[in-house]
Amino acid sequence: MPDRRPLVAGNWKMNGLRASNAELEALIAALKAGAPAACDVMIAPPFTLVMGFAAAADGSPVEIAGQDCSALAPGAHTGDVAATMLADAGASAVIVGHSERREDHRETDEGVNAKALAAYDAGLVAIICVGETEPERDRGETLEIVTGQLAGSVPDTATAANTVVAYEPVWAIGTGRTPTADDVAKVHAAMRAALVARFGDEAGNGIRLLYGGSVKPANAGELMGVADVDGALVGGASLKAADFDGIIDAYR
Ligand code: PEP
């Protein structure tokens, strides 16, 4: 069984100005001052802050990620940002297929798969998001939806080194509601089984599986303790260094 180092990643969404550098500095200071955390730590700020954050975090334990990238090579695509540009700005990873992008921009599994491939080509880790909506959950379709998104969104060339999968039930994002630990365990077990069946033991057992959706310092210990949960993708609670550090406490 590969040794999976947990990852706690913060998704700042469309939040943050240059002054928010102070929160990043506070997080770096908290990580240096506290007991060592047995996990990787990452912040995904909006595009405008990626380069500044990457410079500020250089030499610290905090890695910087993008929140999305184009599937296309640089060229005539107004408003888009290529994966190579994120890498050039100092990012080491990029989130793709977040449910807000699937909904706001009608992103499909096929499109997310293409973005993940662009990320690999740029040398970035792709953090690929999957998760069911509330109606799908109510209809008992969670495992079918999640494994279907996994099959479609994760490229055939995924490895433990280039891919992280985040299970984010859409109804749990920003709502303060979370699935039970048992429900998370069932979904993560199904994702793990699907990855092992498709990629074999090494990649299938090596790809990290994050849980995301209303993770807070108060529930992080329980959620991070679930089998096959290898860390968290955190939205709202990643904006304040003290809260985010309180989540990282789950690995101290
Ligand atoms: C997210 O959007 O990735 C997320 C997990 O948000 P929150 O933690 O605010 O629910």
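For the sequence shown, numbering that gives the first Met the number 0 assigns the number 0 to the initial residue and increments by one for each residue that follows.
Just so it is clear, CB atoms sit at the ideal spot from N, CA and C, and this is done for glycine as well.
Remember, predicted model here, so these are calculated numbers, not experimental data.
query: Distance between G235 and L142 (C-alpha atoms, nearest Å); result: 26 angstroms
query: Beta-carbon proximity of W11 to L232, cut-off 8 angstroms; result: no
query: Contact under 8 angstroms by Cβ, E140 with V169; result: no
query: G122 burial status per 10 Å Cβ neighbour count (16 or more: buried); result: exposed
query: Heavy atom of ligand 1 within 7 angstroms of N10 beta-carbon; result: yes
query: Proximity of M13 and P45 at Cβ, strictly below 8 angstroms; result: yes
query: Distance between A8 and V225 (C-alpha atoms, nearest Å); result: 17 angstroms
query: Nearest-angstrom Cα separation, counted from Q66 out to E99; result: 11 angstroms
query: Validate contact between the segment 163-179 and the segment 196-205 using beta carbons, cut 8 angstroms, 3 pairs; result: no
query: Residue from G220, A64, G74 whose Cα sits closest to the Cα of A86; result: A64
query: Proximal residues to S152 (C-beta, below 6 angstroms), its chain only, five neighbours per side dropped; result: G96, D108, V111, N112, I127
query: First through last residue of the beta strand (DSSP E) which encompasses V8; result: The identity of residue 8 in the sequence shown is Ala, whereas the question assumes Val. Note, A8: beta strand (DSSP E), 6-10.
query: Ligand 1 heavy atom lying under 7 angstroms from the CB of G212; result: yes
query: Assigned exposure category for K31 - 16 Cβ within 10 Å defines buried; result: exposed
query: E167 beta carbon near ligand 1 (any heavy atom closer than 7 angstroms); result: yes
query: Alpha helix (DSSP H) runs wholly inside the segment 176-217, at least 4 long, in chain order; result: 180-205
query: Burial state of H76 (16 or more Cβ within 10 Å); result: exposed
query: Delimiting residues of the alpha helix (DSSP H) encompassing M84; result: 82-88
query: Own chain partners of A72 with C-beta closer than 7 angstroms, once the 5 adjacent residues on each side are dropped; result: A81
query: DSSP three-state assignment for E167, whether helix, strand or coil; result: coil
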